[in-house]
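J.:
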């Protein structure tokens, strides 16, 4: 990759300043030429359309005047003449004078037809139903039909018709438009442009590219019929239209943009050539201009590089009256001033080096003496500090012992309080256990009574079961007796019916009693089962209550033992608490004495430290002076080395 330089930057910038305006100017000029050519095409198209419009008027307008004239001249009387002789003669002469008129004719209100040249119509031909007749009969002005192709001649024709002034018929002439169509097709707009004629119903009358009678469906048709004259543009072409006043036909001219661009292509080449010549001349001028700037700058660059390496002998010879000349003059003056400065620095560095050496020697001697004083005072301070530390440790130990004894006294008091509380709680617990033993004995008696009652209930349920068995047996026998009575009543016949009814009721009661007895037996069986379980549960409860009474008695004995122990312990704990308080008071006196001794040791250490600090500060100051002198000596040597690098 090329290293960026001032020359390349200037070339790039100036090339951009040359090329961009040139390209913009060329594009604008080309677009302006294309626009002018388009405008000329539009003007040319409008001129061609106006000429064609005039030709249509020149062809159609005289015929309209002729039709008006004949409509006023001809009448019903002339139609009623034998063979309409005068009308035929007049029309014949007219055709002779106007060969572009193919035929002239009159359709009468009675349905007769007079035509020149003469033509024999079919017997059922009725002009009154023809479009030209009907249109003219509805208007007081001449009408112009839509152009159409003649079936006999194949020519493009149009009919101009008008109702006779006395309403006795309609006069019409058929005019050939072939000449007019040829003229329209011959109109050239540029190389590919053309002219088209459209009738009032949107059909092509003539066009170089469309057959006559074809419906116009192009996008511009709606715009053409919306106004008398209009201009329509799309991406490829411009369409201009005008309306013929005599016929209301649309005269449409089409021109293509590609022709304008093709016409401007030669101009584009000329513009490109001019731009290239301009660029070449600009590049040549730019080369000499950049060279006039780069050469003196390169000379300054070489001299600066030599100076950066210590060579102060180089001189720049640039004699121009611009900024570069001023820069070279300033460079030469700067080089001279730097040379003088280097010479002075060399002289001063020698002097500084000698003074720094003397200062360094004196400082070394003073620092040695200061260090001896500092060492002695440090030894004194260290001994004092050691004594002070030992005393501090003693004070700390005494404080710790005092704190421990104080804590022991506090804990002893707490134990004393707890012992007293335990004695009270032991008394209360012993009383509660005595009450519990009494309550458990009462519960045992209640459980024993309940057990006896449940066993009695169980025996009674067995007796009820036996009674139910007797009742069930009686019900079965009653049922059998009732059955036998029913059988005997049936044998007695009519006299035993009442007895049979009673026997049947007795049987039903016996069956009902038997069923109820079975239900009661079932319930008694369930009660017996529950009672048997209750007896088992009560036996277990009686055993557990007896066990609880034994455990409670043992607990009562243990509480009595605890109560006796706490009562013996309380006096001893009180004695220990009193001894601990006496020891704490004695240790406080020892602590006060050791603190006084520590204060005296600290005062001695402070004095020693102040002396040592003063000596240390002196030593530090001397060391700093020695370092400064050493640095000064080093800087002087470095300055001497740096100065020697320059070539004067």
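In my numbering, the protein residues as written are 758 to 1405.
For glycine and all other residues, C-beta sits at the position ideal for the given N, C-alpha and C.
Note that this is a predicted model, so its numbers are computed, not measured.
#1: Using DSSP with H/G/I as helix, E/B as strand and the rest coil, what is residue 921?
#2: What's the gap between the Cα of residue 1068 and the Cα of residue 1388?
#3: Taking the Cβ atom as the reference point for each residue, do residue 957 and residue 1029 lie within a distance shorter than 8 Å?
#4: Could you tell me the alpha carbon to alpha carbon distance between residue 1074 and residue 765, rounded to whole angstroms?
#5: Mapping the DSSP letters down to three states, classify residue 766 as helix, strand or coil.
#6: Could you tell me if residue 1033 is buried or exposed, where buried requires 16 or more neighbouring beta carbons within 10 angstroms of its beta carbon?
#7: How long is the line joining the alpha carbons of residue 924 and residue 797, rounded to whole angstroms?
#8: Taking 8 Å as the limit between beta carbons, can you name the residues of its chain near residue 900, skipping five residues before and five after?
#9: May I ask you to report which of helix, strand or coil DSSP gives residue 977?
#10: Please classify residue 1226: does DSSP put it in a helix, a strand, or coil?
#11: Over the uninterrupted alpha helix (DSSP H) stretch that includes residue 1066, give me the two end residues.
#12: Any idea if residue 1046 is buried or exposed, counting beta-carbon neighbours within 10 angstroms, 16 or more meaning buried?
#13: Can you name the start and end residues of the beta strand (DSSP E) that residue 862 belongs to?
#14: Using only the alpha-carbon positions, how far apart do residue 849 and residue 864 sit?
#15: Note the first and the last residue of the continuous beta strand (DSSP E) segment covering residue 990.
#16: Measure the beta-carbon distance from residue 921 to residue 841 and round it to whole angstroms, keeping in mind my assumption that it falls under 8 Å.
#17: Going by alpha carbons, who is nearest to residue 1265 out of 1234, 934, 1006 and 988?
#18: Note the first and the last residue of the continuous beta strand (DSSP E) segment covering residue 995.
#19: Give me the Cβ distance between residue 940 and residue 812, rounded to the nearest whole Å; I'm assuming they're in contact under 8 Å.
#20: Who are the Cβ neighbours of residue 964 in its own chain at under 6 Å, not counting the five residues just before and after it?
#21: Spatial neighbours of residue 771 within its chain, please: CB distance less than 7 Å, with the 5 preceding and 5 following residues excluded, ordered by chain position.
#22: Just to confirm the assignment, what range does the beta strand (DSSP E) spanning residue 953 have?
#23: Could you spell out where the beta strand (DSSP E) holding residue 847 opens and where it closes?
#24: Pick helix, strand or coil for residue 771, following the three-state DSSP scheme.
#25: In angstroms, rounded to a whole number, what distance separates the CA positions of residue 1199 and residue 1317?
#26: Residue 1300 by DSSP, collapsed to three states: which one?
#27: When burial is assigned at 16 or more other CB atoms within 10 Å of the CB, is residue 759 buried or exposed?
#28: Could you give the distance in angstroms between the alpha-carbon of residue 1202 and the alpha-carbon of residue 1297?
#29: Candidates 792, 1050 and 827: which alpha carbon is nearest residue 847's?
#30: To which residues does DSSP link residue 886 through a beta bridge?
#31: Would the beta-carbon of residue 1016 fall within 8 Å of that of residue 947?
#32: Is residue 1406 buried or exposed, if buried means 16 or more other CB atoms sit within 10 Å of its CB?
#33: The alpha helix (DSSP H) with residue 936 in it runs from where to where?
#34: Helix, strand or coil for residue 1013? Go by DSSP, reduced to three states.
#35: I'd like the list of long-range same chain contacts for residue 1004, defined as Cβ closer than 7 Å, with 5 residues on each side in sequence excluded.
#36: In terms of residues, what are the limits of the beta strand (DSSP E) holding residue 962?
T.: For this structure:
#1: For the purposes of this step, residue 921 is taken as the residue at position 164 of the chain shown. Annotated three-state conformation of residue 921 is coil, per DSSP.
#2: Here residue 1068 is taken as the residue at index 311 of the chain shown, counted from 1. Here residue 1388 is taken as the residue at index 631 of the chain shown, counted from 1. The C-alpha of residue 1068 lies about 28 Å from the C-alpha of residue 1388.
#3: Counting from one through the chain shown, the residue named residue 957 turns up at place 200. Counting from one through the chain shown, the residue named residue 1029 turns up at place 272. If you check the CB distance, residue 957 and residue 1029 do not come in under 8 Å.
#4: Mapped onto the chain shown, residue 1074 falls at position 317. Mapped onto the chain shown, residue 765 falls at position 8. Roughly 25 Å between the two C-alpha positions.
#5: Numbered from its first residue, the chain shown carries residue 766 at position 9. Residue 766 carries a helical assignment under DSSP once its states are collapsed to helix, strand and coil.
#6: Taking the chain shown and counting its residues from 1, the one referred to as residue 1033 is at position 276. Under this definition residue 1033 is an exposed residue.
#7: Position 167 of the chain shown holds residue 924. Position 40 of the chain shown holds residue 797. Using only the alpha carbons, I get a separation of about 52 Å.
#8: In the chain shown, residue 900 corresponds to position 143, counting from 1. 889, 892, 893, 917, 918 and 919, listed in sequence order.
#9: As a position in the chain shown, residue 977 is number 220, starting the count at 1. Judged by DSSP in its simplified three-state form, residue 977 adopts coil rather than helix or strand.
#10: Counting from 1 along the chain shown, the entry for residue 1226 is found at position 469. In the three-state DSSP reduction, residue 1226 falls in the helix class (H, G or I).
#11: Taking the chain shown and counting its residues from 1, the one referred to as residue 1066 is at position 309. Here residue 1066 belongs to no alpha helix (DSSP H), and DSSP marks it neither H nor E.
#12: In the chain shown, the residue the question calls residue 1046 occupies position 289. Residue 1046 should be labelled exposed.
#13: Along the chain shown, one-based indexing puts residue 862 at 105. Annotation for residue 862: the continuous beta strand (DSSP E) segment containing it runs 858-865.
#14: What you label residue 849 is simply residue 92 of the chain shown in a count that begins at 1. What you label residue 864 is simply residue 107 of the chain shown in a count that begins at 1. One alpha carbon belongs to residue 849, the other to residue 864, and they sit about 16 Å apart.
#15: As a position in the chain shown, residue 990 is number 233, starting the count at 1. Judged by DSSP secondary structure, residue 990 falls within the beta strand (DSSP E) whose first and last residues are 987-990.
#16: Within the chain shown, numbered from 1, the residue matching residue 921 stands at position 164. Within the chain shown, numbered from 1, the residue matching residue 841 stands at position 84. Contact between residue 921 and residue 841 fails: their C-beta atoms lie close to 12 Å from each other, not under 8 Å.
#17: In the chain shown, the residue the question calls residue 1265 occupies position 508. When each option's Cα is compared against that of residue 1265, the closest is 1234.
#18: Residue numbering aside, residue 995 sits at position 238 when the chain shown is read from its first letter. From DSSP, the beta strand (DSSP E) with residue 995 extends over 994-1000.
#19: Taking the first residue of the chain shown as 1, we reach residue 940 at position 183. Taking the first residue of the chain shown as 1, we reach residue 812 at position 55. About 6 Å; that satisfies the 8 Å criterion.
#20: Translated into the one-based positions of the chain shown, residue 964 becomes position 207. Excluding sequence neighbours, residue 964 sits near 953.
#21: As a first step, residue 771 must be located in the chain shown, where it is residue number 14. For residue 771, where only same-chain residues beyond five positions count, the Cβ hits under 7 Å are 1043.
#22: Counting from 1 along the chain shown, the entry for residue 953 is found at position 196. Taken as a continuous stretch (DSSP letters only), the beta strand (DSSP E) holding residue 953 covers 951-955.
#23: Translated into positions along the chain shown, residue 847 becomes position 90. Annotation: residue 847 is outside any beta strand (DSSP E); the continuous alpha helix (DSSP H) that includes it extends over 842-854.
#24: For the purposes of this step, residue 771 is taken as residue 14 along the chain shown, with counting starting at 1. Annotated three-state conformation of residue 771 is helix, per DSSP.
#25: Indexing the chain shown from 1 puts residue 1199 at position 442. Indexing the chain shown from 1 puts residue 1317 at position 560. Whole-angstrom Cα-Cα distance: 23 Å.
#26: As a first step, residue 1300 must be located in the chain shown, where it is residue number 543. In the displayed model, residue 1300 falls within a helix according to three-state DSSP.
#27: As a working note, residue 759 is residue 2 in the chain shown. Its pLDDT being 43, under 50, residue 759 is placed unreliably in this model, and the coordinates cannot settle the point.
#28: Your numbering for residue 1202 matches position 445 in the chain shown. Your numbering for residue 1297 matches position 540 in the chain shown. Approximately 14 Å between the Cα atoms of the pair.
#29: Working through the chain shown from its first residue, we reach residue 847 at position 90. Distance check between residue 847 and each of 792, 1050 and 827 places 827 closest, using alpha-carbon atoms only.
#30: What you label residue 886 is simply residue 129 of the chain shown in a count that begins at 1. Paired residue(s): none; residue 886 is not in a bridge.
#31: Against the chain shown, residue 1016 aligns to sequence position 259. Against the chain shown, residue 947 aligns to sequence position 190. Yes, the pair counts as a contact, with Cβ atoms nearer than the cut-off.
#32: Residue numbering for the chain in the displayed model covers 758 to 1405; residue 1406 lies beyond these limits and cannot be assessed.
#33: Here residue 936 refers to the residue found at position 179 of the chain shown. From DSSP, the alpha helix (DSSP H) with residue 936 extends over 935-943.
#34: The residue labelled residue 1013 in the question sits at position 256 within the chain shown. Here residue 1013 sits in strand by DSSP.
#35: By 1-based counting over the chain shown, the position of residue 1004 is 247. Excluding positions up to five away in sequence, the list reads 813, 817 and 901.
#36: Taking the chain shown and counting its residues from 1, one reaches residue 962 at position 205. Per DSSP, the unbroken beta strand (DSSP E) holding residue 962 starts and ends at 961-963.
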